[in-house]
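**Q** Those letters in the sequence shown? Residues 1 to 120, per my numbering, in order.
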Amino acid sequence: MPIQDIDLGEFSAEKDINLSDYFLEDTIAYESAEELEDYRYILVGRTGSGKSAIISHIDKKFKEDKRYICALIKPSDKNFLDLIVQTDDFLQIKSIKGLENVLFKVIWQYAIIATILREK
């Protein structure tokens, strides 16, 4: 087989529709990300380390199982959160001591619930 005929997938995991066909689940990074009893919510890694591939694969795998609700929030979905935190109302409320952390928590809860409702 000529080397130009070898399919290495898309440059970006988000654009690779065949990712699940050749995704390797037997890696430490994937196994720890998929662990349902572990309540970590943020996957951190260097550029190109496979974060998007892991999240996309988990989303596809568990979305098909009706026992789970998958809410994949992408950086592009964060734009409306940026609009909220730049409003005068938000900045005024945020200036009240102790409310900043509560506000960010509520805004992220809203983002998660809105994403779940969009999926259903």
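We put the beta carbon where it would ideally sit given N, CA and C, even for glycine.
#1: Ala111 to Phe104, Cα distance in whole Å?
#2: In this structure, does DSSP put Ser49 in helix, strand or coil?
#3: Could you pull the start and end residues of the alpha helix (DSSP H) that Lys66 belongs to?
#4: In angstroms, rounded to a whole number, what distance separates the CA positions of Asp26 and Thr47?
#5: Is DSSP giving Lys97 helix, strand or coil here?
#6: What does the Cβ neighbour count give for Gly45, buried or exposed, with the cut at 16 atoms within 10 Å?
#7: Within 8 Å, do at least three Cβ pairs link the stretch 82-94 to the stretch 62-70?
**A** According to the data block:
#1: For the purposes of this step, residue 111 is taken as residue 111 along the sequence shown, with counting starting at 1. For the purposes of this step, residue 104 is taken as residue 104 along the sequence shown, with counting starting at 1. Taking the straight line joining both Cα atoms gives about 11 Å.
#2: What you label residue 49 is simply residue 49 of the sequence shown in a count that begins at 1. Reduced to three states, the DSSP call for Ser49 is coil.
#3: Position 66 of the sequence shown, counted from the start, is the residue given in the question as residue 66. Bounds of any alpha helix (DSSP H) do not take in Lys66, whose DSSP letter is neither H nor E.
#4: Position 26 of the sequence shown, counting from 1, holds the residue named residue 26. Position 47 of the sequence shown, counting from 1, holds the residue named residue 47. When rounded, the distance between both Cα atoms is 21 Å.
#5: As a position in the sequence shown, residue 97 is number 97, starting the count at 1. Coil.
#6: In the sequence shown, counting from the first residue as 1, residue 45 sits at position 45. It is exposed - the Cβ of Gly45 has fewer than 16 other Cβ atoms within 10 Å.
#7: The answer is no - the stretch 82-94 does not touch the stretch 62-70, with fewer than three Cβ pairs under 8 Å.
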